[in-house]
Amino acid sequence: MAVARIKKAELYVHKTDLDNVLSALQKTGSYEVVPISPETDAEGSPVHPDIGRVEGLLGEARYLLRFLEPHFKDNVSSLARTMGERQSISLRDGEALESATDLMKFSETVRSLERRLMEIRSELTQISSTESLLEDLSDFPYPFELITSGTERVRGVLGTMPAAKIPGWKEETAAALSSMGEVYVSVMGEKDQEGWVAVLYDESLNQQISDLLVRNSFSRVDIPSSLKGTVEDEQRSLAGRKEFLAGEEERIVTEVEAAAEEWIPTVRTLSDYWTVLRDRYQALSSGYSTEQVVILRGWVPESEVPRVTKAIAPFGLSAELFLFDPRPDDSPPSHIVNSPWCLPFENLTRLYGAPKYGEIDPTPLLAPFFFLFFGMCLGDAGYGLVMIGFFLWFLKKYQRMPKGFQGFFKLFVLSGISTIVVGTLTGSWFGDLVDAFSIFSFLRPVKNFFLILNPMENPMIFLAISLALGVVQLFFGLFIAFYDALRKGNYMGAFADTGGWIVFLSGLLLWGGVSSGFLSANAAFLAKTLALLGAVVLVTTQGREKEGIVGKAVSGLLSLYSVTSYLGDVLSYSRLLALGLATSAVGVIINMLAGLAGDVPYIGWLIALVLLIGGHIFSIAVNVLGAFVHSLRLQYVEFFSKFYSGGGSVFAPLTYKTSFVSIENDPEE
Amino acid sequence: MDLLGIMLAILGAAMAAGWAGAGSAIGVGIAGESGAGVMTEDPGKFGLVLLLQALPGTQGIYGLLIAFFAILKVGLLGGGAEITVSVWQGLGIFFACLPIAVGGFFSAIAQGKTSAACIQMIAKRPEETGKAVILPAMVETYAVLALLMSIILLNGISL
Chain A
1 MAVARIKKAE LYVHKTDLDN VLSALQKTGS YEVVPISPET DAEGSPVHPD
51 IGRVEGLLGE ARYLLRFLEP HFKDNVSSLA RTMGERQSIS LRDGEALESA
101 TDLMKFSETV RSLERRLMEI RSELTQISST ESLLEDLSDF PYPFELITSG
151 TERVRGVLGT MPAAKIPGWK EETAAALSSM GEVYVSVMGE KDQEGWVAVL
201 YDESLNQQIS DLLVRNSFSR VDIPSSLKGT VEDEQRSLAG RKEFLAGEEE
251 RIVTEVEAAA EEWIPTVRTL SDYWTVLRDR YQALSSGYST EQVVILRGWV
301 PESEVPRVTK AIAPFGLSAE LFLFDPRPDD SPPSHIVNSP WCLPFENLTR
351 LYGAPKYGEI DPTPLLAPFF FLFFGMCLGD AGYGLVMIGF FLWFLKKYQR
401 MPKGFQGFFK LFVLSGISTI VVGTLTGSWF GDLVDAFSIF SFLRPVKNFF
451 LILNPMENPM IFLAISLALG VVQLFFGLFI AFYDALRKGN YMGAFADTGG
501 WIVFLSGLLL WGGVSSGFLS ANAAFLAKTL ALLGAVVLVT TQGREKEGIV
551 GKAVSGLLSL YSVTSYLGDV LSYSRLLALG LATSAVGVII NMLAGLAGDV
601 PYIGWLIALV LLIGGHIFSI AVNVLGAFVH SLRLQYVEFF SKFYSGGGSV
651 FAPLTYKTSF VSIENDPEE
Chain B
670 MDLLGIMLAI LGAAMAAGWA GAGSAIGVGI AGESGAGVMT EDPGKFGLVL
720 LLQALPGTQG IYGLLIAFFA ILKVGLLGGG AEITVSVWQG LGIFFACLPI
770 AVGGFFSAIA QGKTSAACIQ MIAKRPEETG KAVILPAMVE TYAVLALLMS
820 IILLNGISL
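Going line by line, the protein sequences match chains A and B. Position one of the first sequence corresponds to residue 1 (this note's numbering), numbered consecutively onward. Position one of the second sequence corresponds to residue 670 (this note's numbering), numbered consecutively onward.
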């Protein structure tokens, strides 16, 4: 339970056995290696001779996966893979696979395929842009040769010109050319701003023609120099080329697909294998090396020490483990260990941030509240049943799913149980399904037998319950803070800060109880005394860090103002009622709509059925999300703010981190 | 005159469903734009993005809820016996619908912006999804309070 004790460890390994010791350490998954800054100027951080090679291969494998995966039809869906449906291999298999595979050669082939594919695609883009140019110039009557290369005497330019200037320019140019050239103007639509123009002219008229063009805002367009013939000729040859390239592309893509089919499983396995090796070598480079020995400093949870000791035992004298208690100025990672009943709730703590080493782990503390609140927010027994069914089915289907997912799914199963309990007590089964349709009338006595309180009819009572739960949780939070401060020997924090508030708030609550008539007037004296005592403690202590008597008094008085934040916190629990009501009301609305649709002649029953099923599925999805988020918020914002700050780092041991396969132990070991 | 009461109740229901729904539409839209941007880089985040985009959608549901409560109250649904609603009672129902209409509209937009920002956050730090879900939920608190008030007010009006 809670944050496990951690030992600071120093492992001295003789260089001859370094690889084997590291591999054994990685197998235990119980040793977090932390970097040592070199203290003396010996050799410094050891660098594994193999790390460069492995990183290179890993980069190559990643490149291959990135390029090939879009072409790969996976028979294990990525959902199933995430859920743990992975092939298991041992490291020995990985090593065998590595030596049987020439990845570099394959990668060379793939790279050349990729290069060819890029060339083809860029040529295709070029062709399609040339084609659209030809489309514009479809009535250009001359071979393009005249423009791209000209003849001995004839020169040509092609470009665009503002539509307004074209007629004037055409006239002037025609005059200048007389019979020494030709003018071309493309056919234009009425709204075109610019038109294509071309002029073919004798070399001797160069100056004149250029002047005319410049004066009329001509902008020259360079056409690909490969264009020689007439428009039709060029279009025909481009179409031919395009067809050829498309065929080529298809052939290469098929080749890539075949390569993906054949290689991806291997590359994935190797990529994971090399990741394992890379992690191991990186851990080594956090160490410190002398001539004969490498030192690895790190953290080991106390409970895992025997595993580590056992793992390095076979190496005898060449590996030696020393353990120390962490010093106050160390910042050990926190290794959260929880008993199975609240294990699913551990994820909620992790979502907020792991506790610091030596702090309280809030998981068991929040678990009962989250359980109850989720039930109240969803509050429909039918929805609870659907949830349990769905998540149990998932848990059964994917039995090897990773711990984190498993925790979440179990959390939802538990939440489903509490939803059923709350739903049964409040008589909500898929909204008012049982009451809305007469075919379910035989279930009504059963439903009503368990019904204690219908929040639709008595929302105020449900609201009171919600707020009361809020008060309970807030006081619980304050008591935890009180205990925590005592545990750390911070008596001022315990009695003045937390204790003051506990007394003050209890007094106010009692007072409220008396004045609203719930408690007898005899308690009034007790209430006033407590409130006054608490207020005095707070006023006198809360300004203790300020200087001067006035500063202390003012801060002390102002601190009482925080009572509004407690009020706000309690009111925040009203969401339990609001969300619970929202769920049942959405259910009621769906049933009502289905009931109305049922009156449609002939196909009414079908519409009603579709509305019922679709509507309730939608309602479950929306309300489960809402219930989860809001019950979580009550923990994080209202509850945690009293005693918990998170911000610890999670224990991250050297272990096997893989994406595609899982690593199992070698069979013969 | 005896119809005016019912009409006022209907006006209230229409405002609740209409404004809260409009707010949710804007909010979900804002979050969706941001989500589409993130997914151009990483389509694999679809699940997370959808989760965050859905968060500002609840106000629309709350508005619909109050609208149904309101018209149920004046007997427009369910084919029960006709209820006479005085002008004052109708006005009361209209006012009772206002918290979720106003609160829903503005909170959904604000929540949409927060969701959009949180979607950007998970684009860079997917491991912080928990926190990214909580921030928009902080905004939703006020929609929940508005819903609560509307329910309590509607419940308090006796016909």
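Just so it is clear, CB atoms sit at the ideal spot from N, CA and C, and this is done for glycine as well. All of these numbers come straight from a predicted model, not from anything done at the bench.
Identification of residues in the segment 566–579 of chain A having a C-beta nearer than 8 Å to some C-beta of chain B yields Leu571, Ser572, Ser574, Arg575, Leu577, Ala578, Leu579, given in sequence order. With contact defined as three or more Cβ pairs closer than 8 Å, the segment 60–78 of chain A and the segment 678–685 of chain B are not in contact.
DSSP places Arg297 of chain A inside the beta strand (DSSP E), whose first and last residues are 293–301.
Neighbours of Tyr636 of chain A in chain B, taken as residues whose beta carbon is under 8 Å from its own, are Ile803 in chain order. For Trp196 of chain A, the uninterrupted beta strand (DSSP E) run begins and ends at 194–202, by DSSP. CA-to-CA, the gap between Glu250 of chain A and Ser237 of chain A works out to about 20 Å. Ser122 of chain A and Gly52 of chain A have their C-alpha atoms spaced approximately 35 Å apart. Distance from the CA atom of Ile89 of chain A to the CA atom of Ser77 of chain A, rounded to whole angstroms, is 19 Å. Put simply, of B:Ser784, B:Ser819, B:Pro712, B:Ser827 the residue whose alpha carbon is nearest the alpha carbon of Ala801 of chain B is B:Ser784. A Cβ-Cβ contact shorter than 8 Å links Tyr644 of chain A with Ile360 of chain A.
Spanning the alpha carbons of Gly240 of chain A and Phe144 of chain A requires a straight line of approximately 18 Å. Val813 of chain B has a beta carbon lying within less than 8 Å of a beta carbon in chain A. For the segment 723–785 of chain B, the full-length alpha helix (DSSP H) segments reaching 4 residues or more read 727–742 along the chain.
By the C-beta criterion, the segment 255–272 of chain A is judged not to be in contact with the segment 159–169 of chain A, since fewer than 3 inter-stretch pairs fall below 8 Å. Excluding five sequence positions before and after Ala597 of chain A, the CB atoms of its chain that fall closer than 7 Å to its own CB belong to Gly604, Ile607, Ala608, Leu611, given in chain order. Three or more Cβ pairs drawn from the segment 458–469 of chain A and the segment 573–583 of chain A lie within less than 8 Å of each other, which places the two stretches in contact. Contact annotation: in the segment 331–363 of chain A, residues whose CB is within less than 9 Å of a CB in chain B are Asn347, Leu348, Arg350, Leu351, Tyr352, Gly353. Comparing alpha carbon positions, the residue from A:Leu557, A:Gly614, A:Ser619 closest to Ser584 of chain A is A:Ser619. Here DSSP, grouped into helix, strand and coil, assigns Gly181 of chain A to strand. Shown here for Gly646 of chain A: same chain residues with a beta carbon closer than 6 Å to its own, the five before and five after excluded, namely Tyr352, Gly353 in chain order. When CB distances to chain A are screened at a threshold of 8 Å, the residues of the segment 719–749 of chain B falling below it are Leu720, Ala723, Leu724, Gly726, Thr727, Ile730, Tyr731, Leu733, Leu734, Phe737, Phe738, Leu746, Gly747, in chain order.
Fully contained in the segment 504–536 of chain A is no alpha helix (DSSP H) run of length 4 or more. Under DSSP, His14 of chain A forms a beta bridge with A:Val293. Leaving aside the five residues that flank Arg278 of chain A on each side, the residues in its chain whose CB is nearer than 8 Å to its CB run, in chain order, Ile51, Val54, Glu55, Leu58. Between His14 of chain A and Leu284 of chain A, the gap from beta carbon to beta carbon reaches 8 Å or more. For the pair of segments examined, the segment 712–729 of chain B was found to touch the segment 790–809 of chain B: the number of CB pairs separated by less than 8 Å reaches three. Looking at the DSSP output, Tyr561 of chain A shares a beta bridge with no other residue. In this structure, DSSP gives Thr160 of chain A an extended state, which the three-state scheme calls strand. Cβ neighbours of Leu733 of chain B within its own chain (closer than 6 Å, five residues either side excluded): Ala686. Residue nearest to Ser226 of chain A within the set A:Leu634, A:Thr266, A:Ala246, A:Leu146 is A:Leu146 (criterion: CA-CA distance). Rounded to whole angstroms, Val293 of chain A and Phe369 of chain A show a C-alpha spacing of 52 Å. Here Thr275 of chain A is near Thr658 of chain A, since their CB atoms are less than 8 Å apart. Beta-bridge pairing by DSSP links Arg121 of chain A to no other residue.
Counting along the chain, Ala319 of chain A sits inside the beta strand (DSSP E) bounded by residues 319–324. In this structure, Val661 of chain A sits near Thr269 of chain A, with a CB-CB distance shorter than 8 Å. Close partners of His630 of chain A in chain B (Cβ separation under 9 Å): Ala806, Glu809, Thr810, Val813.
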